[in-house]
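Chemist:
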Amino acid sequence: MKKTSVLFFAAVFAIMPATAQQTPEIFQYRSTPVGVSVLPELQQNGHVHTLIGATPGILKKYAPDGIIPSAVNAFLIYRYGQLTLIDAGFGRKLFERLQSLGFTADDVSVVLLTHLHGDHIGGLLRDGKAAFPNATVYLSKQEYDYWTNDEAMNKLPEDRRGNFENARKTLAAYEEKVFTFEPAEINAEAQREVIPGIYGIAAFGHTPGHTMYKIALGTEEFLVWADLTHATAIQLPHPEVAVTYDLHPEQAVATRKEVLAYAAKNALPVAGSHIAFPSAGWVFENKQGGYVFQPALTPEAVKKTVNEQLQKYAGTRLQDIYKNFFQDYFGPGHIIPDAAAAKKYLQEELDACTETAGVAVEPAGSEGNFYRVNLSVVKEKKIPFNLFLDAFIESANDVIAPPPAVWTAQWNHIIRIIDNLQLDIPDYEADKERLNNLLAEGKYVVHHSDTYEEQHKPHYRIISKSVFEKKLRKRL
Ligand SMILES: [Zn+2]
Numbered sequence: 054m055k056k057t058s059v060l061f062f063a064a065v066f067a068i069m070p071a072t073a074q075q076t077p078e079i080f081q082y083r084s085t086p087v088g089v090s091v092l093p094e095l096q097q098n099g100h101v102h103t104l105i106g107a108t109p110g111i112l113k114k115y116a117p118d119g120i121i122p123s124a125v126n127a128f129l130i131y132r133y134g135q136l137t138l139i140d141a142g143f144g145r146k147l148f149e150r151l152q153s154l155g156f157t158a159d160d161v162s163v164v165l166l167t168h169l170h171g172d173h174i175g176g177l178l179r180d181g182k183a184a185f186p187n188a189t190v191y192l193s194k195q196e197y198d199y200w201t202n203d204e205a206m207n208k209l210p211e212d213r214r215g216n217f218e219n220a221r222k223t224l225a226a227y228e229e230k231v232f233t234f235e236p237a238e239i240n241a242e243a244q245r246e247v248i249p250g251i252y253g254i255a256a257f258g259h260t261p262g263h264t265m266y267k268i269a270l271g272t273e274e275f276l277v278w279a280d281l282t283h284a285t286a287i288q289l290p291h292p293e294v295a296v297t298y299d300l301h302p303e304q305a306v307a308t309r310k311e312v313l314a315y316a317a318k319n320a321l322p323v324a325g326s327h328i329a330f331p332s333a334g335w336v337f338e339n340k341q342g343g344y345v346f347q348p349a350l351t352p353e354a355v356k357k358t359v360n361e362q363l364q365k366y367a368g369t370r371l372q373d374i375y376k377n378f379f380q381d382y383f384g385p386g387h388i389i390p391d392a393a394a395a396k397k398y399l400q401e402e403l404d405a406c407t408e409t410a411g412v413a414v415e416p417a418g419s420e421g422n423f424y425r426v427n428l429s430v431v432k433e434k435k436i437p438f439n440l441f442l443d444a445f446i447e448s449a450n451d452v453i454a455p456p457p458a459v460w461t462a463q464w465n466h467i468i469r470i471i472d473n474l475q476l477d478i479p480d481y482e483a484d485k486e487r488l489n490n491l492l493a494e495g496k497y498v499v500h501h502s503d504t505y506e507e508q509h510k511p512h513y514r515i516i517s518k519s520v521f522e523k524k525l526r527k528r529l
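Residue numbers are given in the numbering used here: position 20 of the sequence shown equals residue 73, and the series is strictly consecutive.
(1) Does ligand 1 have even one heavy atom less than 7 Å from the beta-carbon of serine 193?
(2) Would you call threonine 351 buried or exposed, if buried means 16 or more other Cβ atoms sit within 10 Å of its Cβ?
(3) Which class does glutamine 74 belong to by DSSP, given the choice of helix, strand or coil?
(4) Using a Cβ distance threshold of 8 Å, determine whether the segment 219-238 contacts the segment 278-298, with at least three qualifying pairs required.
(5) Candidates Gln304, Thr282, Ile470: which alpha carbon is nearest leucine 313's?
(6) Identify the continuous alpha helix (DSSP H) that holds glutamate 273 and give its terminal residues.
(7) Hey, is serine 326 close to ligand 1, as in C-beta under 7 Å from one of its heavy atoms?
(8) Is phenylalanine 383 helix, strand or coil by DSSP?
(9) Less than 8 Å between the C-beta atoms of glutamine 135 and alanine 367, yes or no?
(10) Specify, as a first and last residue, the run of the beta strand (DSSP E) that glycine 411 falls within.
(11) By Cβ distance below 8 Å, which residues in the same chain neighbour leucine 491 in space, the five residues on each side in sequence not counted?
(12) Among residues of its own chain, excluding the 5 on either side of lysine 56, which ones have a beta-carbon nearer than 8 Å to its beta-carbon?
(13) Return helix, strand or coil for serine 502, following the three-state DSSP convention.
(14) Okay, do the segment 158-173 and the segment 188-199 touch, 3+ Cβ pairs below 8 Å being the bar?
(15) Let me check one thing: in DSSP terms, what residues is serine 193 bridge-paired to?
(16) Using a Cβ-based criterion (distance less than 7 Å to any ligand heavy atom), does histidine 170 qualify as near ligand 1?
(17) Go ahead and label leucine 104 buried or exposed: buried means 16 or more other beta carbons lie within 10 angstroms of its beta carbon, across all protein chains shown.
(18) If distances are taken between C-alpha atoms only, which option among Ala255, Leu112, Ala124 comes closest to lysine 3?
(19) Three or more beta-carbon pairs under 8 Å between the segment 340-357 and the segment 80-93, yes or no?
(20) Cβ of aspartate 280 versus every heavy atom of ligand 1: is any distance shorter than 7 Å?
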């Protein structure tokens, strides 16, 4: 018994990801003892001519330049010392990515395949041999049956059988170490656990056996949805749009709608094989129709934002940091009951503030969807009162705010990154708990801390980036 546990811990330490060597192109969601790393093979622009069912109106709104940001990713899952790869990309950068995390191909003990297209299985072979000599390979029975079916292959002209030949050659290299399973429906009560803590979910349509994987990460779950989207910027607001390389486009559309509804309802963190960097985040329903994707912030972005805020604003507490990130997603929405009240508040604040310190304009959070615009610009008459007020109100109407559950998940992700920075901020732990309690109650608005108020006398309004650039920038 004792011997086993020693071995177990030895294995855990041997296989800890080397976060210090992490290259910025790898996105990590959590780390030890459980975590997901997105290993990008490439970032690219997809073209709108591959879309089925995108109207001119959709294209004009979501792909005005005719291009769609996209990527090719593999995923590395570590769970209590075991290294599992989900897909293998083309194999162009995969091994370099593994190496930068401190691993070799020999360390991978399981490969889970979502489907057998070349951009997902290319990395399984190296010089024609199994690139992961110690790995067992799992895929859905439906996917295996399709690509090994001669009848399906012979339906195609000879020059279009490459995918079949490639799939067969790749599976053959792993021979008796290939296992199949039947994935469960996403809403099924009985789940299909493929290996401990990782579940196979049917997402048929893109290919006959296309499979997603849900991973248990401590108290939460994470969904690798593979090729559920190829043009995320279009297929989230319009899940009915398919792509020409879906083998069954109608089924792919039905699957996409079902999975998006599930992911949104459960505020599930997701990652996709073809979502542009960082390729992971959350989806939520847009009340106007369709869905919105909110990318998870990268550790690099969070670190930069927090360090800049601490440098600029002595007296910053955790709640000021929270507020900064919060404003990036919620804009000014929550503080405007109506236009008349907004006008009254603005006038009162202008009358009351005798000193306006600090910079005129600065972005909120890491993404800079919204700017903090100092009331000094009105005091100093650079921007007329009414223009400023209009910009503020227009900004409030410009917000597609995430539901509290998605914001809470993003904040939990942000705070894990901030924890790792080990900052010396007074009352950090107590403030962290207070914020957690607030979020648990479904509330999420906080004021600046007293120390911040005293030292910086913040007097600003939150204005959306697009409104600011369009209406105010030229006057400053
Ligand atoms: Zn693909």
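Even glycine gets a Cβ: it sits at the ideal position worked out from N, Cα and C.
Just so we're clear, the structure is a prediction, and the values are computed from it rather than from any experiment.
Modeler: Looking at the atomic coordinates:
(1) Along the sequence shown, one-based indexing puts residue 193 at 140. No, Cβ of serine 193 sits at least 7 Å from all heavy atoms of ligand 1.
(2) The count along the sequence shown starts at 1 and reaches residue 351 at position 298. That one is buried.
(3) As a first step, residue 74 is located in the sequence shown; it is residue number 21 there, counting from the start. The predicted position of glutamine 74 is uncertain, since its pLDDT is 47 and thus under 50; a value taken from the coordinates is nonetheless stated next. Glutamine 74: helix per DSSP, three-state reduction.
(4) no
(5) Counting from 1 along the sequence shown, the entry for residue 313 is found at position 260. Of Gln304, Thr282, Ile470, the residue nearest in Cα terms is Thr282.
(6) Your numbering for residue 273 matches position 220 in the sequence shown. Careful: glutamate 273 lies outside any alpha helix (DSSP H), inside the beta strand (DSSP E) at 273-279.
(7) For the purposes of this step, residue 326 is taken as residue 273 along the sequence shown, with counting starting at 1. Yes - ligand 1 has a heavy atom lying nearer than 7 Å to the Cβ of serine 326.
(8) Position 330 of the sequence shown, counted from the start, is the residue given in the question as residue 383. In the structure shown, phenylalanine 383 sits in a helix (DSSP, three-state: H, G or I).
(9) Along the sequence shown, read from residue 1 onward, the residue named residue 135 stands at position 82. Along the sequence shown, read from residue 1 onward, the residue named residue 367 stands at position 314. The answer is no: Cβ separation not under 8 Å.
(10) Working through the sequence shown from its first residue, we reach residue 411 at position 358. Neither: glycine 411 is in no beta strand (DSSP E) and is coded neither H nor E.
(11) As a working note, residue 491 is residue 438 in the sequence shown. Hits under 8 Å: Tyr497, Val499.
(12) The residue you call residue 56 lines up with position 3 of the sequence shown. Low confidence applies to lysine 56: its pLDDT is 36, below 50, so where it sits in the model is not reliable, and the reading given next is rough at best. Here the set comprises nothing.
(13) Translated into the one-based positions of the sequence shown, residue 502 becomes position 449. It is coil, neither helix nor strand.
(14) yes
(15) One-based indexing of the sequence shown puts residue 193 at position 140. Answer by DSSP bridge pairing, in chain order: Phe234.
(16) Stepping through the sequence shown from its first residue, residue 170 is reached at position 117. At least one heavy atom of ligand 1 is nearer than 7 Å to the Cβ of histidine 170, so yes.
(17) As a working mapping, residue 104 is identified with position 51 in the sequence shown. Looking at its Cβ environment, which holds 16 or more other Cβ atoms inside 10 Å, leucine 104 is buried.
(18) A query on residue 3 cannot be resolved here, the shown segment of the chain reaching from 54 to 529 and no further.
(19) yes
(20) As a working mapping, residue 280 is identified with position 227 in the sequence shown. Indeed, a heavy atom of ligand 1 lies less than 7 Å from the Cβ.
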